[in-house]
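Chains as they are written, first to last, in the working numbering: chain W, 1 to 282; chain Z, 1001 to 1086; chain L, 2001 to 2288; chain P, 3001 to 3096.
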């Protein structure tokens, strides 16, 4: 089971998925966003926690050729992320359900794209991020963080936006601001999103979704649309057989290949029901 | 880290699986291509006949990529494959 | 510089050095004292021994034995180097130039696809591999290795075949059979080609140091002005190095992961992907 | 127990050193040339929190409101495109 479900899932509700547990979207969650002792909970995640490290240390370790340091930093970063600053990839269908549970929802400028490519998103047409939960109501206090303001949406509008982003090819990620408080519903792609890039390059950052993609060889015609949409480099076209090939061990279960397939040849399977993948979250 | 896990154990009953290069069902259905087929004894001036028992042997090499989807079990006409989940 | 160029390049690219295609190369193909198989086993006939290296690696992974894993990997690379049985990715253009230098060239069944997917290529329309050099003339002695025989082709036919394979999306790869003797000109894809699979699956952070195959002498680079984000290139990358950067609507190539096969370059209808010389980028000079 | 995967094992390699002359590069969020030309997104631009004021957005045109930083020098292949586009010659890349 994923760490978040263990901590915050309710087996009775939403198949035990933590993000479909309405309690986690309750208003009082916001106050807990900086985890206090009670909420730090799981000893597993706290083990090896170290606050003064960053991705820069990983890069230094490569430069220094120090495998030991690299591994230490990598593990510590993974532990830190688990505790509060982490997140999880979700497929389109599940994210629609989350949008029904959470309020308020507001479009905003993406923090990552601003930092990585200096992209300024000034209007709702440009905005590629969604802030979630009551914290959003205080946005006006921090205009620098919410450059261009916040555009609050109703559930239907939010879903429509979500589908539009999916069509464009963005990966949906739940960003935690102190688990289980979901602060952001991100739309990510490789290089421009900090989270995906950390996860792909170093195995640090948001964990994989509860699903993995699988190709139905009978339906797949090798058109290659799916290969364009994979941001994790885990989908290739196997030319010999003219079918899509998915490495399920590196698949993040974002479902972009599924939603992009015109033949309906890709399905999402429940990760926890596949023995070899049940514990593959990074 | 990928995760802490034991790989599945795949055993192939060579008594039953006698003509893998002729049958080739598991080799072509496997989504992660973990199987491999080899001629048992390549001889000078001789081509091996896939129809002759034991001229080829099937092996499962890339256990790390097996997701236990069990498709090979479904297609195997002689039930020669066993997957043991650790 | 890639070590093959250092040893066999005579100041240029080793595979464009005509000396390496001389007939006498064939007799050099197994250096004295080199391990008999890539896994270092005494006999290469035994199936278990043949697959030993990869199987040992998988066991080390399962046991979480990082040192063991690295040792096995290092040994496998060392054995391959000693035996001179490494390979190198080449672009379509360089492949064409090689075809002009080497003789004879013959189409044949692919050994990897035979092993990985039990694909039985029986005639020249199906063949996805090319054998090179005088060794090919002795093919009839080994009918099992050359199932379906060998179709010898002229330079023009070989080039045409090479271009057809490129169009389909195969990576071109030179397979050494005792460096610098080139035994095969492979057309590869993941996961059916064992050479590609060894480098993609067993590399390190940023996809360095897989097993047995060197990256090509070029790397691909996107011209942001020319790219219209059609995504065809992303379908063709077998190395997971090219992703479609949705934000900018352009292709994004991780040049550290890129093998320089040039499939994105030949697939781009707008000519927006160029192949650069690897040595022109200082950080990539030693990334093979 | 853990399984070594590609992204867990490093191949030692000396990385380029990139320095930014902050005296020269004063308005990176306005200029943004290097940020957008870099094929591997090595750069990062941050607002200087010490200058942040509650209830106020920061003006990209004001010197020193934003700072250019190096986020991923492991991905720099020294293509030198950033040097070419930088209007104030503030970037220096040192190849080890």
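C-beta atoms are modelled at their ideal positions from N, C-alpha and C, and glycine is treated no differently. Quick caveat, the model's predicted, so the values are computed rather than measured.
Residue 2104 of chain L is positioned such that its CB atom lies closer than 8 Å to that of residue 2136 of chain L. In this structure, DSSP gives residue 3047 of chain P an extended state, which the three-state scheme calls strand.
Residues of chain Z with a Cβ closer than 8 Å to the Cβ of residue 213 of chain W do not exist; the shortest Cβ-Cβ separation is about 11 Å.
Residue 2100 of chain L and residue 2113 of chain L have their C-alpha atoms spaced approximately 26 Å apart.
Taking 8 Å as the threshold, the shortest C-beta distance from residue 3031 of chain P to chain L does not fall below it. Following the DSSP letters along the chain, one finds residue 2228 of chain L in no alpha helix (DSSP H), marked with neither H nor E. Comparing C-alpha distances from residue 3095 of chain P to each of L:2283, L:2287 and L:2093 shows the shortest one belongs to L:2283.
Check the Cα spacing between residue 1023 of chain Z and each of Z:1010, Z:1069, Z:1037 and Z:1045: the tightest is with Z:1037.
In the displayed model, residue 2073 of chain L falls within a helix according to three-state DSSP. Between the stretch 2143–2151 of chain L and the stretch 2215–2229 of chain L there are fewer than three C-beta pairs closer than 8 Å, too few to call the two in contact. Counted as a single uninterrupted DSSP element, the stretch harbouring residue 2005 of chain L is not any beta strand (DSSP E) but the alpha helix (DSSP H) occupying residues 2003–2008.
Residue environment: residue 1084 of chain Z is assigned as exposed (fewer than 16 neighbouring CB atoms within 10 Å of its CB, all protein chains considered).
Neighbours of residue 2245 of chain L in chain W, taken as residues whose beta carbon is under 8 Å from its own, are 189, 190, 191 and 192 in chain order. Within 10 angstroms of the beta-carbon of residue 2011 of chain L lie fewer than 16 other beta-carbons, which makes it exposed. Within the stretch 3033–3057 of chain P, 3035, 3036, 3040, 3041, 3043, 3044, 3045, 3046, 3047, 3052, 3054, 3055, 3056 and 3057 place their CB atoms closer than 8 Å to a CB of chain W, listed in sequence order. Residue 2197 of chain L and residue 1031 of chain Z have their C-alpha atoms spaced approximately 14 Å apart.
Using a Cβ-Cβ cut-off of 8 Å, residue 3009 of chain P is close to 67 of chain W, given in chain order. Separation of residue 1016 of chain Z and residue 1080 of chain Z (C-alpha to C-alpha, rounded to the nearest whole angstrom) is 6 Å.
Of all alpha-carbon atoms in W:69, W:19, W:16 and W:26, the one lying nearest the alpha-carbon of residue 3012 of chain P is that of W:69.
In the DSSP annotation of this structure, the continuous segment of the alpha helix (DSSP H) that includes residue 4 of chain W starts and ends at 3–8. Per DSSP, residue 1010 of chain Z is one residue of the beta strand (DSSP E) stretching across 1009–1012. Beta-carbon to beta-carbon, residue 2235 of chain L and residue 227 of chain W are separated by about 4 Å, close enough to satisfy the 8 Å threshold. Counting every other CB atom within 10 Å of its CB across the protein chains shown gives residue 262 of chain W a total below 16, marking it as exposed.
Proximity of residue 77 of chain W to chain Z, defined by a Cβ-Cβ separation below 8 Å, is not satisfied. If you draw a straight line from the Cα of residue 9 of chain W to the Cα of residue 25 of chain W, it is about 12 Å long. DSSP, read as helix, strand or coil, puts residue 2204 of chain L in coil.
In the same chain as residue 2158 of chain L, and ignoring 5 residues on each side of it, the C-beta atoms closer than 6 Å to its own belong to 2099 and 2105, in chain order. Taking a Cβ-Cβ threshold of 9 Å, the residues of chain W close to residue 1066 of chain Z are 276, in chain order. Interface residue (Cβ-Cβ distance to chain L less than 8 Å): residue 3074 of chain P is classified as such. Cα atoms of residue 2006 of chain L and residue 2014 of chain L: separation of roughly 8 Å, rounded to the nearest angstrom.
With contacts defined as CB atoms closer than 8 Å, residue 2090 of chain L and residue 2163 of chain L fail to qualify as a contacting pair.
Counting other Cβ atoms within 10 Å of its Cβ, residue 1011 of chain Z stays below 16 and is therefore classed as exposed.
When C-alpha distances from residue 89 of chain W are compared across W:182, W:75 and W:265, the shortest belongs to W:182. Ranking W:179, W:211, W:60 and W:61 by CA distance to the CA of residue 273 of chain W puts W:211 first. Residue contact with chain W for residue 2105 of chain L: absent (no Cβ-Cβ distance below 8 Å to any residue of chain W). Under the Cβ distance rule, residue 2117 of chain L counts among the residues neighbouring chain W, one pair being separated by less than 8 Å.
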